[in-house]
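Reviewing the structure listed below.
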Amino acid sequence: MKLAEIRRYPIKSLLGEQLATVEVDQRGLVGDRLWAVRDADGKLGSGKNTRRFRRMPGLFTLRGHSGDPVPVVELPDGRRFPADELAGHEAVSEVLARRVTIEREAEVMHHDEGPVSLISTAALRRLHDLLGEPVDPLRFRANLLVDVPGSDFPEDRWLGRAIRIGSDVVLRPRRRLTRCVMIDLAQEGAPEHGHLLRTVAEHHDLTFGVWATVERPGRIGLHDVVELMPA
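Taking this note's numbering, the leading residue of the sequence shown gets 63, the next gets one more, and so forth.
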């Protein structure tokens with residue numbers, strides 16, 4: 063198995079960035095989902111409505127870029143603002159048609175379920191078999207895409223096992239990732255789908271991929287060997 067893609071989302075629920083290499087610490091990929099769009103009620107922008115999250119149509123027209131000391135938000139017209147700039151908050155509010163700010167994580171992590179999310183090429187091929195068409199991995203907004211032979215859901219067998227990536231990083235998958243309507247929404251070059259969530263629900267209990275905790279931090283890079291360690 064090898065690491066095929068690395069994706070980071072500096073601002074939660076916005077479009078993100080692909081990386082060739084990244085540092086991983088106990089929180090996950092450094093800078094991943096560290097900032098989020100927040101409305102006047104304190105709820106975080108998302109594709110779903112829950113106790114913590116509020117669905118905000120238009121988030122996928124915005125993109126977050128890494129920046130120092132804060133990330134940068136890019137608007138549909140190409141304008142860019144530092145995430146803590148008031149003018150940027152005003153512009154994002156106009157795009158989303160609601161009053162919002164962009165804020166840094168405080169006591170509670172912005173992650174939906176866990177620090178690092180993983181999917182496999184084998185699981186994507188399984189969806190291809192079920193749907194009769196390829197599925198772009200970006201729909202699942204996973205941090206890591208692992209190249210695995212076959213057509214199956216191999217991540218299910220990773221739960222509770224340690225996984226080493228490259229020479230440094232060790233992750234431990236904990237649970238399968240529950241999916242929502244976001245995987246059907248249009249984003250980047252992928253048009254609106256309409257059948258993906260239903261297929262995942264019917265054939266894999268509404269889950270796809272896994273989330274993992276970080277047992278040993280370090281740096282990972284594209285094409286690193288991914289090894290499932292002995293139980």
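The beta-carbon is built from N, C-alpha and C at its ideal position, and this holds for glycine as well.
Here the structure is a predicted model, which means the values were calculated and not measured.
Do residue j and residue i count as a contact pair if the criterion is CB distance below 8 Å?
i      : j      : result
Arg95  : His172 : yes
Arg142 : Val132 : no
Leu239 : Gly271 : yes
Val178 : Leu91  : yes
Glu217 : Ala263 : no
Leu137 : Leu158 : no
Gly93  : Arg70  : yes
Leu247 : Gly109 : yes
Arg166 : Asp101 : no
Ser128 : Glu79  : yes
Nearest by alpha-carbon distance to residue i: which of the options is it?
i      : options                           : result
Leu200 : Glu254, Leu290, Glu264 and Gly228 : Glu254
His285 : Ile73, Leu77, Lys74 and Ala82     : Ala82
Ala293 : Arg219, Ser155, Met244 and Leu258 : Arg219
Trp273 : Val99, Asp101, Ser182 and Met244  : Ser182
Val287 : Asp209, Asn111, Asp146 and Gly222 : Asp209
Phe202 : Leu258, Pro235, Ala102 and Gly212 : Leu258
Asp139 : Gln88, Glu156, Pro279 and Arg234  : Glu156
Leu233 : Arg114, Gly212 and Leu180         : Leu180
Glu169 : Ala145, Arg89 and Lys110          : Arg89
Trp97  : Ala204, Arg241, Pro72 and Val276  : Pro72
Arg241 : Thr269, Pro144, Pro235 and Gly129 : Thr269
Thr275 : Arg236, Arg113, His265 and Gly283 : Arg236
Asp214 : Gln249, His265, Lys105 and Ile245 : His265
Within the continuous alpha helix (DSSP H) that includes residue i, where are the two ends?
i      : result
Leu106 : Leu106 -> not in any alpha helix (DSSP H); beta strand (DSSP E) instead, spanning Leu106 to Ser108.
Arg188 : Thr183 to Leu193
Spatial neighbours of residue i within its chain, please: CB distance less than 7 Å, with the 5 preceding and 5 following residues excluded, ordered by chain position.
i      : result
His190 : Pro196 and Val197
Thr261 : Leu189, Leu192 and Leu193
Glu147 : none
Leu290 : Trp220, Arg223 and Ile225
Thr163 : Arg100 and His151
Ala149 : Phe143
Asn111 : Arg117
Spatial neighbours of residue i within its chain, please: C-beta separation below 6 Å, excluding the five flanking residues on both sides.
i      : result
Gly107 : Ser75, Val99, Met118 and Leu121
Arg187 : Ser213
If you follow the beta strand (DSSP E) that residue i is part of, which residue opens it and which one closes it?
i      : result
Thr83  : Thr83 to Asp87
Asp101 : Trp97 to Asp101
Ala293 : Neither: Ala293 is in no beta strand (DSSP E) and is coded neither H nor E.
Ala66  : Lys64 to Arg70
Phe115 : Phe115 to Arg117
Arg125 : Arg125 to His127
Val132 : Val132 -> no beta strand (DSSP E), and no H or E assigned at all.
Between which residues of its own chain and residue i is the CB-CB distance below 8 Å, once the five residues before and five after are set aside?
i      : result
Arg281 : Thr83, Val84, Glu85, Val86, Gly228, Asp230 and Val231
Lys64  : Val208, Asp209, His285, Asp286, Val287 and Val288
Glu175 : Arg237, Leu239, Thr240 and Trp273
Minimum length 4: unbroken alpha helix (DSSP H) runs contained in the stretch 210-289
For the stretch 210-289, whole alpha helix (DSSP H) runs of length 4 or above, ordered along the chain, are 258-266.
Curious, which full-length alpha helix (DSSP H) runs of at least 4 residues does the stretch 145-171 contain?
Runs found: 148-158.
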